[in-house]
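Using the numbering used here, you'd call the opening residue of the sequence shown number 94 and step up by one each time.
Even glycine gets a Cβ: it sits at the ideal position worked out from N, Cα and C.
Keep in mind it's a predicted model, so treat the numbers as computed, not measured.
This report refers to the structure that appears directly beneath it.
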Amino acid sequence: MKSLLLLVPLVLASCSTMPSPIVPGAKPTDHGLIGAGEGPAWKDGSLYFTDGKHINRMDPKGRITVFRHNASNGLLFDREGRLVACESGLRRVTRTEKDGGVTVLADRFNGKRFNSPNDLCMDSKGRIHFTDPRYGPREGMEIWSVPSMKAGVPRHAIEGVYRIEKSGEVQMLNTYGAERPNGILISPDDRYLYIADNNNNSHGGSRKLLRYELDEKGSVIYDTRKVLFDWKDGRGPDGMKMDKEGRLYVAAGTNTANDYETTRFKAGCYILSPSGKLIDFIPTSPDECCNCAFGGKDGKTLFITSGKHLWSVPLK
Numbered sequence: 094m095k096s097l098l099l100l101v102p103l104v105l106a107s108c109s110t111m112p113s114p115i116v117p118g119a120k121p122t123d124h125g126l127i128g129a130g131e132g133p134a135w136k137d138g139s140l141y142f143t144d145g146k147h148i149n150r151m152d153p154k155g156r157i158t159v160f161r162h163n164a165s166n167g168l169l170f171d172r173e174g175r176l177v178a179c180e181s182g183l184r185r186v187t188r189t190e191k192d193g194g195v196t197v198l199a200d201r202f203n204g205k206r207f208n209s210p211n212d213l214c215m216d217s218k219g220r221i222h223f224t225d226p227r228y229g230p231r232e233g234m235e236i237w238s239v240p241s242m243k244a245g246v247p248r249h250a251i252e253g254v255y256r257i258e259k260s261g262e263v264q265m266l267n268t269y270g271a272e273r274p275n276g277i278l279i280s281p282d283d284r285y286l287y288i289a290d291n292n293n294n295s296h297g298g299s300r301k302l303l304r305y306e307l308d309e310k311g312s313v314i315y316d317t318r319k320v321l322f323d324w325k326d327g328r329g330p331d332g333m334k335m336d337k338e339g340r341l342y343v344a345a346g347t348n349t350a351n352d353y354e355t356t357r358f359k360a361g362c363y364i365l366s367p368s369g370k371l372i373d374f375i376p377t378s379p380d381e382c383c384n385c386a387f388g389g390k391d392g393k394t395l396f397i398t399s400g401k402h403l404w405s406v407p408l409k
């Protein structure tokens, strides 16, 4: 298995003319089984991540403490240094204030509760965008499509993408063609919206990285959906980040096959060019590579959460 994983970066690097951002000769470091399932987010020398029950903080000396007790998924820090979290268990998006208080930014759309907010990002205007899929049991989903006038189009529960305006109003974005949005990213110039469409617990479901063009108001421009990368019958994309060169770092893949997923794509971070060409690959274990974040004292360390383990690799 090790020899196969070592070959993967060489194969992928040959698929793009963009250089790999990984320091030559560097290998990913496993920081151990510390409950790093999701998140992660970096601030002032500390890494924050989630374990399904808590938001944890790893300080500059590597000590881990509980920052907040709640079941969260995606994390980010806003421009004022406040932590914004997708609290999937409580079906809401919150902000932890500097005094420790918690502000609920969104928990409903048109009076209906969200499914389970998963991941989030922020545009240049400071507006928060988040995804709202539902994995596992689907009872209790409240946001449904309106009845269709077309024959054969059934009413269905919506797994959508939303934007929290500066006013606090919540808007739904028309991410047509996305089945189950998971990871989310907006380019620094607000031109593109990226969606990790990961319908990974159904046969033939989408496992694709999608890109949409946005207009000046931040609305999706119709008929601009583009598939950048397809994990086919493997485990689809989860969280992602973008560097200043426009390269995409996408957590995806699995090392253990199941009824819905093959091991065609191994667990790890897939580094893609802006057009979706494979540049390099960072293998992780044991499995379920879920998200990543830039951090370190110079911002040149990539942290990856995978199977409750935390991994890191230095970047150029």
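Reduced DSSP category for residue i - H, G, I as helix; E, B as strand; rest coil
i	result
H124	strand
M215	strand
P133	strand
P112	coil
I279	strand
I236	coil
G332	coil
R248	coil
I314	coil
P210	coil
D290	strand
L100	Low local confidence applies: a pLDDT of 36 at L100 is under 50, so the model's placement there is unreliable, with the coordinate-based value given in what follows. Helix.
S366	coil
S410	Outside the displayed range of the chain (94 to 409) lies residue 410, so it cannot be described from this structure.
D391	coil
T196	strand
Counted within 10 angstroms of its Cβ, other Cβ atoms place residue i as buried (16 or more) or exposed
i	result
N292	buried
L126	exposed
V409	Strictly speaking, residue 409 in this sequence is Lys, with Val absent from that position. Exposed, by the Cβ-count rule.
S295	exposed
G167	buried
G400	buried
L103	In this prediction, L103 has a pLDDT of 34, which is less than 50 and means its spatial position is unreliable; what the coordinates show is noted afterwards. It counts as exposed.
D290	buried
N351	exposed
G118	exposed
R357	exposed
K405	Looking at the sequence shown, residue 405 is not Lys but Ser. Counting Cβ neighbours within 10 Å, S405 comes out buried, since at least 16 surround it.
Y342	buried
S181	buried
V116	exposed
N203	exposed
P247	exposed
Nearest-angstrom Cβ-Cβ length linking residue i and residue j, presumed shorter than 8 angstroms
i	j	result
I277	T317	With a Cβ gap of about 16 angstroms, I277 and T317 do not count as contacting.
R284	K325	Incorrect: roughly 28 angstroms between the Cβ atoms, too far for contact.
P330	L307	About 20 angstroms; that fails the 8 angstroms criterion.
T355	G327	5 angstroms
G130	D144	5 angstroms
G361	W135	Rounded, the Cβ-Cβ distance is 20 angstroms, inconsistent with contact.
S217	P281	7 angstroms
N384	A344	5 angstroms
D212	N275	6 angstroms
L403	G369	Actually they are not in contact, since the Cβ atoms of L403 and G369 sit about 27 angstroms apart, beyond 8 angstroms.
E252	R273	5 angstroms
L169	M215	6 angstroms
Residues that DSSP places opposite residue i in a beta bridge
i	result
I397	C385, W404
H162	H147
H222	C214, R256
E180	R185
E306	Y285
I375	C362
P153	Note: P153 sits in no beta bridge, so no partner.
P274	D290
CB contact flag (residue i, residue j, <9 angstroms)
i	j	result
R175	E190	yes
Y255	A178	no
N208	A164	no
T268	V313	yes
S366	D123	no
F396	A386	yes
Y305	M335	no
C382	T398	yes
P376	K359	yes
R188	D171	yes
V263	R340	no
R156	H147	no
I221	V186	yes
M111	I372	yes
P133	I364	no
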